[in-house]
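Q: Have a look at the structure that comes next, please.
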């Protein structure tokens, strides 16, 4: 472990985004993971906890207080909502860079956040300073940021295509946007709950959060930054689908006359490393990005309709571009490294 | 096997709708399966082909010509598209009742059918006489029919909630209807194809048929019977999801001011044996109808939108209410039997 | 609900064996479910808990103390280990018949039970009176019993073929028996645990309990009743496989010279309603019994070996013949009803 | 594409081992893929065939005759059995190195091969020259070889632990070895067949090839090289389990008195890059090696038995260490490169 490497800490490394950060950082040439914390698993060697990491890391989980996170250059919070807002400020005060994978710093409006997350916010002042880390759209801000609010998986999968259309002024502002989204079960996290047991979520499909999922205000805020009126005409329904990783958004929009959604998307992302706009007739499938920091998108003119109705298809791996991968991408930007360092892992197909 | 039982034949009994008909009819008290046909498996005992039916049926597959289908009272066609239109007319001419689970007789407009199914239609005269067998909406016609065009799975899952709203004049006719549908893989049939292999369709999610699925004109025709203008503002996107059985439709509609979708649905189906409108806040899941001839539906007012936007959720087992179960339901109606005879099988959960 | 029907109570009806009992009993013509208990869900209507049962039962969970179980004729315990041994004796004392689906009364030797189940036994006297309910082998005893220790899933799947071989004196007593077993995840029950989450148990295969699973002494006891020496030469390894229901045992035995395992099995079960010995060359698959109270078995002479080595394949649905189905079968025997009453449900394939 | 890189060709690159080779070689620093062939897909760009490889390769499938494979330094055959034996000899005659992932060159005894593979062998002379590429055991031979017979997945998963025990003379030669193996469905290849459809192989478990799988003589040959007598007392039963990738072998052996299997395994593989012997009490699971070129092994003394009976657990990813990964490992050895070049990909968990 070279002295000159950037020292990284991971708070809450026992969850799925935590182990995914560890997978991605394992061969990062400029970074070394110096500390992993877990209150519950303190003292346990990582090889005994995640056998997939045997022989790769020689690390032991530490209680947060023992972990000397203040010796790190960058700290990731891969914690449940409500932890980072309490624990990050002390690190930030010491000049440490923080990337929060939870939702604590994502919503500018504190009242909205408190309504959706059912708790008091503990560090409002840092909400204002945090940069929302949708990497492709906030590159310059991220490069300067000390605190990144890493986006949610749904907001990433929906936001990437939608922002390109919004920027191009393509959306018919009098019509309604529908985002019908489907997520793999790992999106629910590594928590002991009946609803995500194999025997409950397997061979089963259902909607959830229909009356107001927490990612609704997050996506709405993203849209509103471009067009507050359109943000009010937005419906989002998430569904749970029996796959481990993967997220698919099917977005229904009416575009202004003459606009071709696919062309807008291709122009927006023609130089992108991580957003792949697929040609006419393609069908992005979740496995084509399994394990990779890629968003694949395409668009179809809705068949046999008179108005300029379009169907946008967008897929990501919810744990990579929807969480840990985008977090590493943001870290690379913050550190001035090539954006794709350690992010060239190929999709696992089949 | 009592002499007085209705004799049933099944053409193409080696597919998933065929074996499902056999499962459902196994304990039907008024019906006996007299003949099963398969060109390819002729001579093979059913117990060697479907071990799930061992000890239940003593039947051998016969070539269609050897099967003496003209000795049957009712013949089901569980065949690929294009077979029933050639083989059913001879049986119909002898007064035999026919229930076609394929698409041959579903579309009134022959040009549209030929466009979508890429073949010449072989018995146009019977298209006009066929009754579209959406049981809950065509009960009287079905009771009198000789030929039933058994509906497709998507048209059943989407049509059942939509027809209730159309009948109540609930839909805002200036807005667009979106039906985002997800199907289990058994909907693709029991065909040797790479796309539906376990290693392709497993742990994977994708849209398909986006530029115009065959069930689009079928649903459009169903809507148009109530309101041709609304039928033109309809978008349908099917998706393949890694479950064996099950279909989920998420339907987005704008309703006329003051109308409550859930109330409309509850009134429409309050006496229904097979359509279960679930209370406010429910989340219909596909496994809640696995193996059962039930459609479960509920509705949500879209959160935080100004116009009267609604989200309708509808689930069926694509092989039961979406195919073989509805076929048996239609047979019961045609024979004047209680509609739920042999259809009380409970959902298998988990 | 007819006055003359047998009144049934189910203690612990929120688990998988509980809901399976409810599915099977829904259309039982001589039985009515009068009470379901759950400490945690008391007051909740069953339709809100198990949507698959909507419209079928009008029952509400009750706290055990409120449930008037003493008004029932038969009480099923579908509870975690350690509950029935405390709560059943009071019911038994009032003459009520009890069928315990847990392990409390399965092991004759209290020391062994306490070693494997890590608790004190609370009603040793009833262990001696309980009948081990492997229906096919204890028919006469079950008919007279007041308390049934319903067998475990592995012991049923392994025991059914093995007992036939033991009874025929077929096993070479100097050689070792291997039972390599694979179970669907529902066998672990409906408990909030990380290990059986979809994202942990899905797309994954592993052995567990290798150093001594609780079903080892249960199977050993079953073997020992025929031949204590052979019971000492028995190895059992269970594995977790990503299917919801289903259990497959692959059993390796050396038989005495000249003995044909398949012939022994066929003779033993030729008149059996629920054990299906499949012909030479068959490959029993778990889905062929999905949802049904059937054990399918076949046997192969091990290829290219000199000694009389055999491979026995046995499949059940762990929740039906391995739990709730066998419990209903035992209830039918106890009540003098036809053994297959309410147990003719067909396997769900696909 | 540097001139100094080794040029690689892949024959039959449309299958699962083909796409896996492409995934692994994508970032190999000393190798460039120069040609991929497919008779059926000739002319199709790889990005249109495998979307997971979009942006990574700019290659088009060519008919084998057009592909100028003779310009390559190394050619992989990822073809069905029977192709390499016909097409490889011409390349071998020109001095090109060949790694055959099919079974054509694995079995020394031509009669046995012809019996199991049901065809005439077309290049017997090369069978004698081929090196069986179980990398950990044939390192020196592989380094000198021109033709590698890359081992089957089962023979790798079973052979790695078994060879360590054989080398240590640990096996009791009078007792029988059982290898009960479970494979993910991708092991069956990417072929349009009904038996491996999602709706057939999903939520299902079964044995297959019980009367004599093709990998039986391959494993037997591997054992016989150490001890021909023990090779005759070997039983192998493969099973199909509903996971995409992954293979688990459970091996039952009786060891000579006093021998500890785990210790033998640990000593044999203490310096191994790709064989990980896990400590006492571990439970190797297939996902811990998903996508990685690793075999994880552990061993348990069978509980409550008198003789020195052991249970060995071994897992690999059937497409990586069981096929394409081991092929790349062998190529690295042949080229004198570090054995793990391009093989450090981390397991994907979850």
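Residue numbers (the UniProt record's numbering), protein chains in the order written: chain G, 1 to 350; chain C, 1 to 350; chain L, 1 to 350; chain S, 1 to 350. Positions of the beta carbon are idealized from the N, C-alpha and C atoms, including for glycine.
(1) Quick one, which of C:77, C:349, C:106 has its alpha-carbon nearest residue 92 of chain C's?
(2) Give the C-beta separation of residue 159 of chain L and residue 149 of chain L to the nearest angstrom, bearing in mind that I take them to be a contact with Cβ-Cβ under 8 Å.
(3) Figure out for me which residue from S:61, S:46, S:239 has the closest Cα to the Cα of residue 54 of chain S.
(4) Please report the distance separating the alpha-carbon of residue 123 of chain L from that of residue 152 of chain L.
(5) Would residue 220 of chain L count as contacting chain C if we go by Cβ distances under 8 Å?
(6) Inspect the CB distances between the stretch 206 to 215 of chain G and the stretch 265 to 279 of chain G and report whether three or more fall short of 8 Å.
(7) Tell me which residues of the stretch 288 to 303 of chain S have at least one Cβ-Cβ distance to chain L shorter than 7 Å, keeping chain order.
(8) Cβ of residue 252 of chain G less than 8 Å from any chain C Cβ?
(9) Helix, strand or coil, according to DSSP, for residue 22 of chain S in the structure here?
(10) Locate the alpha helix (DSSP H) running through residue 89 of chain C, then write down its first and last residues.
(11) Strictly under 8 Å for the Cβ-Cβ distance: is residue 176 of chain C near chain G by that measure?
(12) What is the DSSP secondary structure of residue 177 of chain S, counted as helix, strand or coil?
(13) Let me see if you follow: with CB-CB separation under 8 Å, is residue 200 of chain G close to chain C or not?
(14) Using a beta-carbon distance below 8 Å, is residue 244 of chain L in contact with chain C?
(15) Using beta-carbon positions only, say whether residue 248 of chain C and residue 222 of chain C come within less than 8 Å of one another.
(16) Only counting the same chain, and skipping five residues up and downstream in sequence, which positions put a Cβ closer than 6 Å to that of residue 2 of chain S?
(17) Mind checking residue 258 of chain S: buried by the 16 CB within 10 Å criterion, or exposed?
(18) When you compare the CB of residue 182 of chain S with every CB in chain L, is at least one pair closer than 8 Å?
(19) In the DSSP assignment, the alpha helix (DSSP H) including residue 331 of chain G goes from what residue to what residue?
(20) Alpha carbon to alpha carbon, what distance is there between residue 251 of chain C and residue 177 of chain C?
(21) For residue 147 of chain S, write down the residues that DSSP places opposite it in a beta bridge.
(22) Straight-line CA distance for residue 311 of chain G to residue 219 of chain C?
(23) What do you get for residue 293 of chain S, buried or exposed, if any count of 16 or more other CB atoms within 10 angstroms of its CB means buried?
(24) Which chain C residues sit within Cβ distance under 9 Å of residue 151 of chain L?
(25) Under 8 Å between C-beta atoms, does residue 50 of chain L make it to chain C?
(26) By alpha-carbon positions, which one of L:181, L:318, L:49, L:335 ends up nearest to residue 98 of chain L?
(27) Name the chain G residues whose beta carbon is nearer than 7 Å to that of residue 352 of chain S?
(28) So what does DSSP say about residue 299 of chain G, is it helix, strand or coil?
(29) Going by DSSP, name the residue or residues bridged to residue 236 of chain C.
(30) Give the residues of chain S in contact with residue 203 of chain L, contact being defined as C-beta atoms less than 9 Å apart.
(31) Using 8 Å as the Cβ pair cut-off and three pairs as the minimum, do the stretch 222 to 242 of chain S and the stretch 183 to 190 of chain S touch?
(32) Does chain C have any CB closer than 8 Å to the CB of residue 55 of chain L?
(33) Compare the Cα-Cα distances from residue 34 of chain G to each of G:41, G:68, G:15 and report the closest residue.
(34) Whose Cβ in chain C lies nearer than 7 Å to the Cβ of residue 58 of chain L?
(35) Sort out for me which residues DSSP pairs residue 309 of chain C with in a bridge.
(36) Can you find a C-beta in chain L that's less than 8 Å from the C-beta of residue 66 of chain C?
A: This is what the structure holds:
(1) Taking the second chain and counting its residues from 1, one reaches residue 92 of chain C at position 92. When each option's Cα is compared against that of residue 92 of chain C, the closest is C:77.
(2) For the purposes of this step, residue 159 of chain L is taken as the residue at position 159 of the third chain. For the purposes of this step, residue 149 of chain L is taken as the residue at position 149 of the third chain. Wrong, their Cβ atoms sit about 13 Å apart, outside the cutoff.
(3) Residue 54 of chain S sits at position 54 when you count from the first residue of the fourth chain. Residue 54 of chain S has its Cα closest to that of S:46, out of S:61, S:46, S:239.
(4) Start at 1 with the first residue of the third chain, and residue 123 of chain L comes out as number 123. Start at 1 with the first residue of the third chain, and residue 152 of chain L comes out as number 152. For residue 123 of chain L and residue 152 of chain L, the distance between alpha carbons rounds to 19 Å.
(5) As a first step, residue 220 of chain L must be located in the third chain, where it is residue number 220. Not an interface residue.
(6) no
(7) When C-beta distances to chain L are compared with 7 Å, the residues of the stretch 288 to 303 of chain S below that value are 300, 302, 303, in chain order.
(8) Residue 252 of chain G sits at position 252 when you count from the first residue of the first chain. So, interface residue.
(9) Start at 1 with the first residue of the fourth chain, and residue 22 of chain S comes out as number 22. It is helical.
(10) Counting from 1 along the second chain, the entry for residue 89 of chain C is found at position 89. Counting along the chain, the alpha helix (DSSP H) containing residue 89 of chain C begins and ends at 84 to 93.
(11) Against the second chain, residue 176 of chain C aligns to sequence position 176. For residue 176 of chain C, the answer is yes, since a Cβ of chain G falls inside 8 Å of its Cβ.
(12) Taking the first residue of the fourth chain as 1, we reach residue 177 of chain S at position 177. Residue 177 of chain S: strand per DSSP, three-state reduction.
(13) If you number the first chain from 1, residue 200 of chain G lands on position 200. Closer than 8 Å to some Cβ of chain C, the Cβ of residue 200 of chain G qualifies, so yes.
(14) As a working note, residue 244 of chain L is residue 244 in the third chain. For residue 244 of chain L, the answer is yes, since a Cβ of chain C falls inside 8 Å of its Cβ.
(15) Translated into positions along the second chain, residue 248 of chain C becomes position 248. Translated into positions along the second chain, residue 222 of chain C becomes position 222. No, these two residues do not count as a Cβ contact at 8 Å.
(16) Within the fourth chain, residue 2 of chain S is the residue found at index 2, counting from 1. Because residue 2 of chain S sits at a pLDDT of 47, beneath the cut-off of 50, its placement in the model cannot be relied upon, and the following sentence gives the value as read from the coordinates. Here the set comprises nothing.
(17) Your numbering for residue 258 of chain S matches position 258 in the fourth chain. By the 10 Å Cβ count, residue 258 of chain S comes out exposed.
(18) Residue numbering aside, residue 182 of chain S sits at position 182 when the fourth chain is read from its first letter. Proximity of residue 182 of chain S to chain L, defined by a Cβ-Cβ separation below 8 Å, is satisfied.
(19) By one-based count along the first chain, residue 331 of chain G stands at place 331. Start and end: 325 to 335.
(20) The residue labelled residue 177 of chain C in the question sits at position 177 within the second chain. The residue labelled residue 251 of chain C in the question sits at position 251 within the second chain. Approximately 7 Å, taken between the alpha carbons.
(21) Locating residue 147 of chain S in the fourth chain gives position 147, counting from the first residue. BP columns for residue 147 of chain S point to S:98.
(22) What you label residue 311 of chain G is simply residue 311 of the first chain in a count that begins at 1. What you label residue 219 of chain C is simply residue 219 of the second chain in a count that begins at 1. Looking at the two C-alpha atoms, the distance is approximately 18 Å.
(23) For this step, residue 293 of chain S is matched to residue 293 along the fourth chain. Residue 293 of chain S should be labelled buried.
(24) The residue given as residue 151 of chain L occupies position 151 in the third chain. None at all; the shortest Cβ gap to chain C is about 21 Å.
(25) Working through the third chain from its first residue, we reach residue 50 of chain L at position 50. Interface residue, yes.
(26) Locating residue 98 of chain L in the third chain gives position 98, counting from the first residue. Of the listed residues, the one whose Cα sits closest to residue 98 of chain L is L:335.
(27) Residue 352 of chain S is absent from the structure shown; chain S starts at 1 and stops at 350.
(28) Counted from its first residue, the first chain places residue 299 of chain G at position 299. DSSP, read as helix, strand or coil, puts residue 299 of chain G in strand.
(29) Counting from 1 along the second chain, the entry for residue 236 of chain C is found at position 236. According to DSSP, residue 236 of chain C bridges with C:179.
(30) Within the third chain, numbered from 1, the residue matching residue 203 of chain L stands at position 203. Chain S residues near residue 203 of chain L: 184, 242, 243, 244, 245, 246, 286, 287, 290, 350.
(31) yes
(32) Position 55 of the third chain, counting from 1, holds the residue named residue 55 of chain L. Using a CB distance cut-off of 8 Å, residue 55 of chain L counts as an interface residue toward chain C.
(33) Reading the first chain from its first residue, position 34 is the one you call residue 34 of chain G. Residue G:68 is the option with its Cα nearest to residue 34 of chain G.
(34) By one-based count along the third chain, residue 58 of chain L stands at place 58. Neighbours of residue 58 of chain L on chain C: none; closest Cβ ~15 Å, over 7 Å.
(35) Residue numbering aside, residue 309 of chain C sits at position 309 when the second chain is read from its first letter. Partner(s): C:254.
(36) Counting from 1 along the second chain, the entry for residue 66 of chain C is found at position 66. Residue 66 of chain C does not count as touching chain L.
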